[in-house]
Each structure stands twice: as structure tokens, then as C-alpha cells.
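Take a look at the structure below.
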Amino acid sequence: MTHHHTATANAHVEDPVETVDAVLLDLDGTLVDSVYAHTLAWKSAFRDVGMDVPAHRIHRAIGISGDRLVAHVAGDRVEAAVGDAVRDAHRRHLDERLHDVVPTDGARDLLEALRERDVTVVLASAGGAEITGRLLDLLEAAKLLDEVVTGSDVDSGKPSGELVAAAMAAVAADRAVLVGDTVWDVQAATDAGIPCVGLLTGGIAESELREAGAIAVFDTPRDLAEHLDEVLPSDNHPLG
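Quick note: the sequence shown, position 124, residue 405 per the numbering used here, numbers continuous.
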């Protein structure tokens, strides 16, 4: 795969991130390779209620919170009629596919690299607390995180910035950067007033992430871990 690190990142980081309180990390598609498992689980869930929703449309909606996804891909009328049933079915179908989900390339390397920087690390996952906990067990990364905030903790999920704001509040952070893999992550970060670094591990094109406002785009967590100096200053420490 073509790497998108040094040149592209430097060219786009017009205002490099200065000292930050915290680095916020998305989970699905960022730290765990679960985007396509989610896509197929949603497709099966829609089929359970008699609907055939194209997989490509679902894929592009992954990252939107579950309470918004049904309406986004199938319309408000479907949400009103069967939204809860589709979400329940999605949970069941995802459960059947979790055995295929693995960490993204370098996920632990990124977490450990952030730890070495003495940066406060917060997981900000749009998923519910239960599924987030199971995916974190897969990562074996709980000890590398200072705080975990999930969709269960907020009223309005991505692309609203409420989850990002809650993650910052959980560690009393005033300045942070979000790492995510979808345009919804970028929009949520923007809504909360912080920058977002994009990854290609969710299957969304670099051009789309940049157009949405990502300050830099890297192939994988490993790629970002190897080039953290392009995003965070080497002397970065939590403020306060």
C-alpha cells in the first residue's frame, strides 16, 4: 500500500498540534478491524426486517452512532417503524462475527507510543459500553487507556461532538486531538472544536478524510506511531 505519512502530513498540518492534554482514540476501524464485520451485521439486520440495503451504503455510514444509522441509510420512516428491531438484530449478528475481528495493524504500538509520550489517552467509542468492553478485551489494551467513554455515556452520538466533549471532560482536558477513520470522526472532532488525524483502516479514502477536515492522514496506527513527531511535539506532556 502507498504510504501517506511524512510528505502528506507535513503538507497539510498548517497549524501543527501544540501541547495537548489528551489524545482521543476511536475504536471501530481505528484500533480494531471491525468495520466490515459491522457492515455485514447491519446488512443482515436489515434483511431480517425484509430490507435489502446495499453494503456500500452501510459501509459509508459506519461510524455514525447506531441510533442515527438506520435513518441515515434507510430513511426516517424505516427508523420509526423498525429502528429498534434493526439495532437489536445488528447486535446479534455482530456477536456472531466478533471471532473474525482483530486489532488493526500497530494498534498496540500506537497506544504504547502515546504512553511513552506521557500523554493522557482516552478511548472515545460510539458503540455501547458492552460491545466496547468486549472489543477492548480483544485488544488487551485496558491498562494503556486512562479513560473509556462510549455511546452509552451520551445522548447524541457521532457526528455530533458530544462524545468527543465527554471524553475530554472525563480527563479534564482543554486541548486534545482525535484519531479516527471516518468522516464522522472528523465531523465530531470539528463539532467539539478539536483537530482530527485520519487513518485509512476503515476503508475511507484519504481525499475524503482531508476534505472533511482531517489535519493529517496515515495508513495505519503503526504508521502514525512511527510518525508521531509530525502530529505531536516531542516534548508533549499533559497540561497541569
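Virtual Cβ for every residue (Gly too), placed ideally from N, Cα, C.
Practice item. Starting from the Cα of Val523, find the closest Cα among Leu308, Glu397 and Val301 and give me that residue. Key: The structure shown does not extend to residue 523, since the chain is modelled only from 282 through 521, so no value can be given for it.
**Study point:** Coil, strand or helix - Gly310 by DSSP
**Key:** Indexing the sequence shown from 1 puts residue 310 at position 29. Gly310 falls in the coil class under three-state DSSP.
Point to revise | Distance, Leu312 Cα to Val435 Cα | key: Sequence index remark: in the sequence shown, residue 435 carries index 154 (1-based). Sequence index remark: in the sequence shown, residue 312 carries index 31 (1-based). Those two C-alpha atoms are separated by around 21 Å.
Check your understanding: How is Gly461 classed by DSSP in three states: helix, strand or coil?
Key -> Here residue 461 is taken as the residue at index 180 of the sequence shown, counted from 1. It is a strand residue.
Point to revise | Minimum length 4: unbroken alpha helix (DSSP H) runs contained in the stretch 420-464 | key: Within the stretch 420-464, the alpha helix (DSSP H) runs of at least 4 residues that lie entirely inside it are, in chain order, 443-451.
Review point. What's the call for Asp314, buried or exposed, on a 16-neighbour Cβ count within 10 Å?
Key: Your numbering for residue 314 matches position 33 in the sequence shown. The residue in question, Asp314, is buried, as its Cβ has 16 or more Cβ neighbours within 10 Å.
Check your understanding: Which of the three DSSP states, helix, strand or coil, is assigned to Ile343?
Key -> On the sequence shown, residue 343 is found 62 positions in, with the first residue counted as 1. In this structure, Ile343 counts as strand in the three-state DSSP scheme.
Point to revise | Beta-carbon spacing of Phe327, Ala361 below 9 Å | key: The residue you call residue 327 lines up with position 46 of the sequence shown. The residue you call residue 361 lines up with position 80 of the sequence shown. Cβ atoms of Phe327 and Ala361: not closer than 9 Å.
Practice item. State the start and end residues of the unbroken beta strand (DSSP E) segment that holds Leu480. Key: Taking the first residue of the sequence shown as position 1, residue 480 is located at position 199. First-last of the beta strand (DSSP E) with Leu480: Cys477 to Leu480.
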